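Chemist: Supplied in structure tokens, the structure appears directly below.
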Amino acid sequence: MDHLPPVQAQPECDDQPRLGAYRPQHVPYRDDREQPQQNGMPSVRGHRGGHGTRRGIFRAQYNGLGAQQITLPITISTQRQDRKKGDRSMALKDSLSRLDKALDRRLEDLPDISSGADRERYRAAVKAGVSQAGRRASVTLKNLDDMGDRAVGRLRPRRGGWDRLIDYSTANPLLTIVVVFIIALSIGSQAINIPKHMRGDMEIYLPPGHEATVILEEVRADWSTDVIVIFIKALDFDRDGTPNNLTDFRVLTEMSRFEGDDTNIYAADPLDRGIDPDKGDRGQDDDIVYVLSISTLIKEVNSTPARMAAMASGAPMPVGPYAIPPDQGQIDTLLGAIPPDTLASLIKDTDGDGIYDRAAIILGVRAGTPPAEIVGKVDRILKRYDAKLSQMINTGPMTVIEKIQGRTIMEFVKIMPFLVLYLFAAMYFFHRTIKAPLIGLIPCTLALLMAYGIVGFFHDIFIISPQIALVAPCLIALGISYGIYITNRFTEERKGTPMEKARVAAKAMHPAILLSAATTAIGFGSLMVGTLPPIAVMGLALSMGIVFTYVLTMILTPALTVLLRYRKRIEWSGWRRFGSVPADNRKKTLAFFIIVIAISAVSVMYVKFNADYLAMAPTDDPSFTNMNEYSRVMGGGQMGMVIVRGSAREPLVLKGMEQLEVYMNRAPYTKCLSAVDIMKMVRVPENLSLPPPFPPLHFPFDYSFWDAINSTGNPTIQRLLINLFYDSLSPEMRSFLVSDDYSKTLIYVFQPMMDVELTRQAVEGVNKAVDQHPVPMSTVSRLTGVAAIQLAVNDLLIGGTLNSTGICILLSFFILLVVFRSWRLALFTIIPCCVVVALEPLVLVGLDIPLSIVTVMIGAIAIGTGIDFSIQITQRTRSGGINHESVVAAVENSGISFVEATSTMVIGFLAVLASPSAVVDWAMGGSPSNWLTMGVPIDSVREFVTMIQVLLILNAIAAMFILPAIYSVWLRWRQSEKLRREKEGWQE
Numbered sequence: 006m007d008h009l010p011p012v013q014a015q016p017e018c019d020d021q022p023r024l025g026a027y028r029p030q031h032v033p034y035r036d037d038r039e040q041p042q043q044n045g046m047p048s049v050r051g052h053r054g055g056h057g058t059r060r061g062i063f064r065a066q067y068n069g070l071g072a073q074q075i076t077l078p079i080t081i082s083t084q085r086q087d088r089k090k091g092d093r094s095m096a097l098k099d100s101l102s103r104l105d106k107a108l109d110r111r112l113e114d115l116p117d118i119s120s121g122a123d124r125e126r127y128r129a130a131v132k133a134g135v136s137q138a139g140r141r142a143s144v145t146l147k148n149l150d151d152m153g154d155r156a157v158g159r160l161r162p163r164r165g166g167w168d169r170l171i172d173y174s175t176a177n178p179l180l181t182i183v184v185v186f187i188i189a190l191s192i193g194s195q196a197i198n199i200p201k202h203m204r205g206d207m208e209i210y211l212p213p214g215h216e217a218t219v220i221l222e223e224v225r226a227d228w229s230t231d232v233i234v235i236f237i238k239a240l241d242f243d244r245d246g247t248p249n250n251l252t253d254f255r256v257l258t259e260m261s262r263f264e265g266d267d268t269n270i271y272a273a274d275p276l277d278r279g280i281d282p283d284k285g286d287r288g289q290d291d292d293i294v295y296v297l298s299i300s301t302l303i304k305e306v307n308s309t310p311a312r313m314a315a316m317a318s319g320a321p322m323p324v325g326p327y328a329i330p331p332d333q334g335q336i337d338t339l340l341g342a343i344p345p346d347t348l349a350s351l352i353k354d355t356d357g358d359g360i361y362d363r364a365a366i367i368l369g370v371r372a373g374t375p376p377a378e379i380v381g382k383v384d385r386i387l388k389r390y391d392a393k394l395s396q397m398i399n400t401g402p403m404t405v406i407e408k409i410q411g412r413t414i415m416e417f418v419k420i421m422p423f424l425v426l427y428l429f430a431a432m433y434f435f436h437r438t439i440k441a442p443l444i445g446l447i448p449c450t451l452a453l454l455m456a457y458g459i460v461g462f463f464h465d466i467f468i469i470s471p472q473i474a475l476v477a478p479c480l481i482a483l484g485i486s487y488g489i490y491i492t493n494r495f496t497e498e499r500k501g502t503p504m505e506k507a508r509v510a511a512k513a514m515h516p517a518i519l520l521s522a523a524t525t526a527i528g529f530g531s532l533m534v535g536t537l538p539p540i541a542v543m544g545l546a547l548s549m550g551i552v553f554t555y556v557l558t559m560i561l562t563p564a565l566t567v568l569l570r571y572r573k574r575i576e577w578s579g580w581r582r583f584g585s586v587p588a589d590n591r592k593k594t595l596a597f598f599i600i601v602i603a604i605s606a607v608s609v610m611y612v613k614f615n616a617d618y619l620a621m622a623p624t625d626d627p628s629f630t631n632m633n634e635y636s637r638v639m640g641g642g643q644m645g646m647v648i649v650r651g652s653a654r655e656p657l658v659l660k661g662m663e664q665l666e667v668y669m670n671r672a673p674y675t676k677c678l679s680a681v682d683i684m685k686m687v688r689v690p691e692n693l694s695l696p697p698p699f700p701p702l703h704f705p706f707d708y709s710f711w712d713a714i715n716s717t718g719n720p721t722i723q724r725l726l727i728n729l730f731y732d733s734l735s736p737e738m739r740s741f742l743v744s745d746d747y748s749k750t751l752i753y754v755f756q757p758m759m760d761v762e763l764t765r766q767a768v769e770g771v772n773k774a775v776d777q778h779p780v781p782m783s784t785v786s787r788l789t790g791v792a793a794i795q796l797a798v799n800d801l802l803i804g805g806t807l808n809s810t811g812i813c814i815l816l817s818f819f820i821l822l823v824v825f826r827s828w829r830l831a832l833f834t835i836i837p838c839c840v841v842v843a844l845e846p847l848v849l850v851g852l853d854i855p856l857s858i859v860t861v862m863i864g865a866i867a868i869g870t871g872i873d874f875s876i877q878i879t880q881r882t883r884s885g886g887i888n889h890e891s892v893v894a895a896v897e898n899s900g901i902s903f904v905e906a907t908s909t910m911v912i913g914f915l916a917v918l919a920s921p922s923a924v925v926d927w928a929m930g931g932s933p934s935n936w937l938t939m940g941v942p943i944d945s946v947r948e949f950v951t952m953i954q955v956l957l958i959l960n961a962i963a964a965m966f967i968l969p970a971i972y973s974v975w976l977r978w979r980q981s982e983k984l985r986r987e988k989e990g991w992q993e
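Numbers in the working numbering are just positions in the sequence shown, counted from 1, shifted up by 5.
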């Protein structure tokens, strides 16, 4: 390979650039001829070698502080195609390495700029370079703006689109309204499918493939994961002033008959046979896979030893009934065999007086059973026993979720008349005519119906959760603002007929409303990306609703204005004096909001998270209140499962499970139950005959089966005893504990309903025990179930909130950029919304509202609703030429619309918080439990609406104060820059 010639210093040259510019120059190849000397560069001769090698000269010039030049020849060889790529790569690397070393040597010789003269020259060169770069950047930005203007100009609709539609609707208002009503009602008729396909289980909030969901599906393949709890309260049926003990033979018999036992399985009426008459069908016939209660354990502990002895000796199976033994003393003895921790999960003495006054029956429901069907069946059977010997209440996760689905829709139906009434009152106050509410409400109501209709039509695709009910108040309260803008613009028109004024108002407001609808739809649509699946469906419904609201508003509002002969009967002239306040106090305004944002940033660490699956439950529903009591008193409510993937017949596996349970029970608020615990409850016969060749076994009195297994050191006998135990269990209890092929077994974990931090401690405590204490010959899953899924959803809330908010901001900015054709205007317009989003932590902490599966979407909704106000200010500022006067005029003209729209929306949302819904309940034939109930009795919904109200007010304030202040600061800065440049002799 040729070597690089030595680097030669170049003489000073006056026409060299002041700051080192790198200028590669190619000297053309001339075969077998001398190259002319350039700038002191010695000529280099090019030729063709034997391999067809071309050699060219590249000169690199570096003009430094000392006006020195570096000229480096680079020889680049282009070789034939049959040369190996490795040789070319090595040659190129070698050349580049030599070039780098040569540059390093020359740069070391540059003069020191720390001295005075060189420093001044350096500063001048830097200033000139920055100035030149700034001018080039300005030209580039202007060219880009021009390109954007031309591109957006091509997208502008031609005459004949919306203008023609508006003309037609004002010319034929009645026909337009009738046609729109027919279309909207046809689409909206599908909304009837929503209640039928609504789901409220917690796992729907997890994305597919999540670890907790995968483990839950594995459990569901062999066991039941859906649970109903029958919460039992003691009654004083003896009328002696003291509640009867729930361990009384009569009470236990009633519980057993409800469950289904040998005393009633042949009753003529199917409801008299109990909830689970067939113990071995795994729920195929009666939908109940297992029943777990104190009566179940008593029946199991009582009947298993007899079956065990018969099976061991080969004698015929005893025909004794699977029922509560009639002897109270025997019942008390059997209760003594149950470990206290297990007993506390199923029956409780709440006041320490020695009387068990609370108990629970846990029903495992077959997967795929319709919740409404099984919950209704349980209610019908309970009516046969309710308030006789004990009070039995249908509750538990499955029941509460089913009640949520029905009650949530009904609660919103109850407040809808008051929502309309409040909106009517608010709009009448601002317009002093009942025509204004009609003009504003009809388009958004029809849009809501159409959005629900589409969701109902695609019910097989969408995951519909109770949160879908929140779409109604959001759309009606937010969509009414579009009609307000058009009617207020109609009032501003002083000339022409009502038809002409309606056309002018609709066409004038169309760009702003279109942009508002687009950005609001994007804000809601961002909920569909990277968030919880049910929230994504709600985001889709809100986006569709906003689009429908925009379309119907532009069609119906002009028609209704003409048909109803609308005329606003009041004007708020005093608002004019407010127009200059934000611009005149720009620095104070911006400083104030910066301080508040800083306080909000500190508040982030105090925001609470709570992904409670009962967040949408009505607080006054009996199933909900009793679920809370069951959780508080008995430590249940969040049943979880841990899978042990190992042979349930293997002694080492069972021994490892026992050790694992010891550590799992050390987790806070945790109690476990497994096959090992049942073995400890069941008493082994004192004399147990085994099949040949094994000798008979003799055990002490009251010896548990677990003790019997561990007392023999013979693994073969241990396995024989384990098999005998499983075979002697009732089919129901066996299916509760192990899979059909005995390859897996479950450890059930009982935990109460707790806040997120306590739930995290409990779940992580169980998982830590699983990770640190493996079971021999097995693999063990982490905890799944209600608590684990709730915690997983809670952890997704933060990411979901950040994702939806970030996407919403970016997409809204992009739309503003395209429409306004200016990155500055787009940035200025989005800033007030970002400020409001930044204030969310402060609002959450100040109002003591946790971030839940409902309030998680508040960020995107805040932007979607708030961008509307900012767009109105920017649009009016643009139309006035973007100067101080246009900013003041924008606040003057838009301010009253903001106050009117915000007040109307806040008052409309007030129906969710304060409306006598009990009156509607009574009018519909119900029996209100509390006549003082106001609004929707669902805490998470009330918190969500409160947040919306506060953020709407903050959005209006931010648009009226922050945006004018920003425009004022920018205009003054631009004016000062212009004066400075003129002073320095620069030209724009």
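Cβ coordinates follow ideal geometry from the N, Cα and C atoms, glycine included.
A quick note: this is a predicted structure, and the numbers were derived from the prediction, not measured.
Classify L695 as helix, strand or coil using the three-state DSSP reduction.
Modeler: In the structure shown, L695 sits in coil (DSSP, three-state: anything other than H, G, I, E or B).
Chemist: Quick check on the burial criterion: 16 or more other C-beta atoms within 10 angstroms. Buried or exposed for R3?
Modeler: Residue 3 lies beyond the stretch modelled for the chain, which goes from 6 to 993, so this question has no answer here.
Chemist: In three-state DSSP terms, what is A342?
Modeler: In the structure shown, A342 sits in coil (DSSP, three-state: anything other than H, G, I, E or B).
Chemist: What is the DSSP secondary structure of K238, counted as helix, strand or coil?
Modeler: In this structure, K238 counts as strand in the three-state DSSP scheme.
Chemist: Check for me: the alpha helix (DSSP H) holding K676 runs from which residue to which?
Modeler: Taken as a continuous stretch (DSSP letters only), K676 belongs to no alpha helix (DSSP H), being part of the beta strand (DSSP E) at K676 to L678.
Chemist: Give every residue of the same chain whose Cβ lies closer than 7 Å to the Cβ of P690, excluding the five residues on either side of it in the sequence, and list them in chain order.
Modeler: Excluding positions up to five away in sequence, the list reads P310, M313 and A314.
Chemist: Expressed to the nearest angstrom, what Euclidean distance is found between the alpha-carbon atoms of D281 and M662?
Modeler: Cα to Cα, D281 sits roughly 29 Å from M662.
Chemist: Whole angstroms is fine: what's the gap from K994's alpha carbon to L726's?
Modeler: As shown, the chain starts at 6 and ends at 993. That puts residue 994 outside it, with no answer to give.
Chemist: Counting pairs of Cβ atoms below 8 Å between the segment 812-819 and the segment 526-543, do you hit three or more?
Modeler: Judged by Cβ distances under 8 Å, the segment 812-819 makes contact with the segment 526-543, as three or more pairs qualify.
Chemist: Residue range of the alpha helix (DSSP H) that N898 falls in?
Modeler: Per DSSP, N898 belongs to the alpha helix (DSSP H) from H889 to L918.
Chemist: Does the segment 188-197 come into contact with the segment 453-462, if we say contact requires no fewer than three beta-carbon pairs (one atom in each stretch) closer than 8 Å?
Modeler: Yes, the segment 188-197 touches the segment 453-462.
Chemist: Which partner residues does S709 have in the DSSP bridge list?
Modeler: In DSSP, S709 forms a bridge with R688.
Chemist: With burial defined as no fewer than 16 other Cβ atoms inside 10 Å of the residue's Cβ, what is the status of I600: buried or exposed?
Modeler: With fewer than 16 other Cβ atoms within 10 Å, it is exposed.
Chemist: So, for F903: in the same chain, excluding its five sequence neighbours on each side, which residues have a beta-carbon less than 7 Å away from its beta-carbon?
Modeler: Cβ neighbours of F903 beyond the five flanking positions: F874, A961, A964 and M965.
Chemist: Just to confirm, is the Cβ distance from I752 to S679 under 8 Å?
Modeler: Cβ distance < 8 Å, so I752 and S679 count as in contact.
Chemist: Give the secondary structure of Q396 by DSSP, where H, G and I count as helix, E and B as strand, and everything else as coil.
Modeler: Residue state, collapsed to three classes: strand.
Chemist: Would you check if the distance between the CB atom of L976 and the CB atom of H889 is smaller than 8 Å?
Modeler: Yes; because the gap between Cβ atoms is below 8 Å, this pair is in contact.
Chemist: Just how far apart, CA to CA, sit D995 and T374?
Modeler: Nothing can be reported for residue 995, as the shown portion of the chain is limited to 6 through 993.
Chemist: Using the Cβ count rule (16 or more neighbours within 10 Å means buried), how would you classify Q756?
Modeler: That one is buried.
Chemist: Does DSSP classify V370 as helix, strand or coil?
Modeler: Strand at V370.
Chemist: Which complete alpha helix (DSSP H) runs does the segment 703-757 hold, if anything under 4 residues is left out?
Modeler: For the segment 703-757, whole alpha helix (DSSP H) runs of length 4 or above, ordered along the chain, are 710-716, 720-733 and 736-742.
Chemist: According to DSSP, is T438 part of a helix, a strand, or is it coil?
Modeler: Coil.
Chemist: Does the distance from the CB of V383 to the CB of I270 come in under 8 Å?
Modeler: No, they are not a contact pair.
Chemist: Among M559, E378 and T496, which one has its Cα closest to the Cα of I447?
Modeler: Answer by Cα proximity: M559.
Chemist: Let me know the secondary structure DSSP gives F463 once reduced to three states.
Modeler: Coil at F463, not helix or strand.
Chemist: Which residue's Cα is closest to the Cα of D776: E666, L595 and Q410?
Modeler: The residue with the shortest Cα to Cα distance from D776 is E666.
Chemist: Mapping the DSSP letters down to three states, classify V649 as helix, strand or coil.
Modeler: Note: V649 maps to strand in three-state DSSP.
Chemist: Per DSSP, what kind of secondary structure is R363 in: helix, strand or coil?
Modeler: The answer is strand: DSSP assigns R363 an E or B state.
Chemist: Between V638 and T355, is the Cβ-Cβ spacing less than 8 Å?
Modeler: Yes; because the gap between Cβ atoms is below 8 Å, this pair is in contact.
Chemist: What three-state label does DSSP hand K388 in the structure shown?
Modeler: Three-state DSSP puts K388 in coil, outside helix and strand.
Chemist: Please name the residue in G411, F598 and Y295 whose C-alpha comes closest to that of L742.
Modeler: Considering only alpha carbons, the answer is Y295.
Chemist: Would you mind giving the Cβ-Cβ distance between I367 and S298, rounded to the nearest angstrom? I have them listed as a contact below 8 Å.
Modeler: Contact flag correct, Cβ pair sits at about 7 Å.
Chemist: With respect to the alpha helix (DSSP H) encompassing V294, which residues constitute its N-terminal and C-terminal limits?
Modeler: Unbroken run through V294 is the beta strand (DSSP E), I293 to L297; no alpha helix (DSSP H).
Chemist: Of all the options V681, H703 and Y674, which has the alpha carbon lying nearest to the alpha carbon of G770?
Modeler: If we check each option's Cα against that of G770, Y674 comes out closest.
Chemist: If we require 3 or more residues per run, which beta strand (DSSP E) segments fall completely within the segment 475-535?
Modeler: Listed in chain order, there is nothing to give.
Chemist: In the DSSP assignment, find the unbroken alpha helix (DSSP H) run with Q980 in it and report its ends.
Modeler: Segment D944 to K988, the alpha helix (DSSP H) holding Q980.
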